[in-house]
Each structure stands twice: as structure tokens, then as C-alpha cells.
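Quick note on our numbering: the sequence shown kicks off at 21 and runs consecutively.
First up is the structure itself, then whatever we jot down about it.
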Amino acid sequence: ETLKELLKPEAYKPLLIMIGFFFFQQFSGVYVIIAYMVDITIASGVTIFNPYTITVIAGWIILLVSIIASLVYPSTGVRAVAAISGAGTTLSMLFIGTYLSLRHYWILNPDWYILNWAPVIAILANIAVSTVGFLILPWSMLGEVFPLNVKGIAAGIATCIGFIFSFIAIKIYP
21 ETLKELLKPE AYKPLLIMIG FFFFQQFSGV YVIIAYMVDI TIASGVTIFN PYTITVIAGW
81 IILLVSIIAS LVYPSTGVRA VAAISGAGTT LSMLFIGTYL SLRHYWILNP DWYILNWAPV
141 IAILANIAVS TVGFLILPWS MLGEVFPLNV KGIAAGIATC IGFIFSFIAI KIYP
């Protein structure tokens with residue numbers, strides 16, 4: 021009976037939206053960055069801080085931004101938050117990619133002290149803007165978008181697919 025209810029538009033449309041959100045959440049790279057933060061920091065040539073210290077700072081940023089975002093969400097729309105998060109994530113990833121490419125091809129001298137800050141700031145900014153939207157939104161929306169009669173099974177399916185996406189994203193990186 022519940023599976024039959026999932027085939028109705030009022031159930032499968034929100035399910036597809038949530039699967040899309042989980043797809044963008046996982047493949048935006050924030051969980052990969054968090055999982056491999058120490059390795060990415062070392063590969064970026066950051067010598068200012070211990071890579072483990074940067075990982076702890078990232079954890080604090082996630083906590084603080086999550087608290088702030090939960091206070092701001094009621095007054096803003098999901099679309100605006102998702103758009104801001106997507107744009108910020110894109111810009112910070114473009115900066116990180118450009119920086120690492122320029123460094124790889126020796127256009128930037130790795131010994132320039134001032135530039136050692138650049139990947140740290142970009143990675144932490146990426147985590148902050150991702151936390152505002154892509155990290156939190158799918159989880160907070162699970163309880164809101166589904167009709168009551170299919171909420172449990174639909175949220176379970178979306179969560180399962182989200183974790184499958186997470187597994188794929190983290191395994192593809194190395």
C-alpha cells in the first residue's frame with residue numbers, strides 16, 4: 021500500500037527533489053574535503069598551520085555556521101539559501117583549482133609565504149558556504165517535503181540514496 025502511494029506525484033516529486041539535493045550535497049565536494057582534509061592540506065603545500073589544526077578549525081566552522089544557519093533559515097527561503105551556497109561553493113572550488121593548477125605548473129612560487137594562506141582560506145570558505153546550504157538543507161528538508169502517509173519510507177529511501185552518493189564520492193577521490 022505504501023509503495024503504491026510512492027508512485028503518486030505528490031510523493032515521487034519530493035523524493036526526486038530530495039535525491040537531487042543529496043546528489044549535489046555529495047558531489048559538491050564538501051564531504052570529500054572534510055574526509056580528506058589533512059591530505060588535501062598537505063598536498064596544497066600549506067606550511068602555516070599543522071594540517072590537523074586546520075581540520076579542527078574546519079569542525080568549529082561547521083558547528084558555528086550550522087548554529088547561525090538554523091537561526092537564519094526561518095526568515096529566508098530554501099531556494100535563496102541553496103543558490104547562495106551553490107554559488108559560494110563554486111567560486112571557492114574554482115579558486116582552489118586555479119591556485120593548485122598555477123602552483124603545479126610553477127607559475128606561482130610555492131615559497132611565497134603570503135600565498136600559503138590562500139588554500140587554507142579557500143578551503144575553509146568552501147566549508148562555510150557549503151555548510152550554509154548543501155550540508156544542512158537536505159537533512160532539514162526531509163521531514164518537511166513528504167506527505168505524512170509516505171514520510172517514513174520516502175525519507176528512508178532518500179537517506180539511503182544520499183549515503184550511496186556519499187560512498188561513491190569519497191571512494192572516487194583518491
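Cβ atoms here follow ideal geometry from the backbone N, Cα and C, with glycine treated the same way.
- By the C-beta density criterion, GLY163 is exposed, having fewer than 16 other C-beta atoms within 10 angstroms.
- Counting along the chain, LEU162 sits inside the alpha helix (DSSP H) bounded by residues 157–165.
- Relative to the Cα of ILE87, the nearest Cα in the group VAL170, GLY176 and SER160 belongs to SER160.
- The region 105–124 and the region 172–191 do not touch, with fewer than three beta-carbon pairs separated by less than 8 Å.
- Apart from the 5 residues on each side of it in sequence, ASN169 sits with its Cβ closer than 6 Å to the Cβ of GLU25 in its chain, given in chain order.
- Across the structure, LEU128 and GLY117 are spaced so that their CA atoms are roughly 13 Å apart.
- One alpha carbon belongs to ILE39, the other to GLY182, and they sit about 7 Å apart.
- Short of 7 Å from the beta carbon of SER64, and not among the five residues preceding or following it, lie these beta carbons of its own chain, in chain order: LEU120 and PRO139.
- Rounded to whole angstroms, the gap between the alpha carbons of VAL58 and LEU23 is 43 Å.
- In its chain, beyond the 5 residues on either side, no residue has a beta carbon closer than 7 Å to the beta carbon of LYS33.
- C-alpha of GLY153 to C-alpha of THR67: approximately 30 Å in a straight line.
- Spatial neighbours of ILE147 in its own chain (CB-CB distance under 6 Å, excluding positions within 5 residues in sequence) are listed in chain order as ALA78 and ILE81.
- Taking 4 residues as the minimum length, the alpha helix (DSSP H) runs contained wholly in the region 98–152 are 98–124 and 137–150, in order along the chain.
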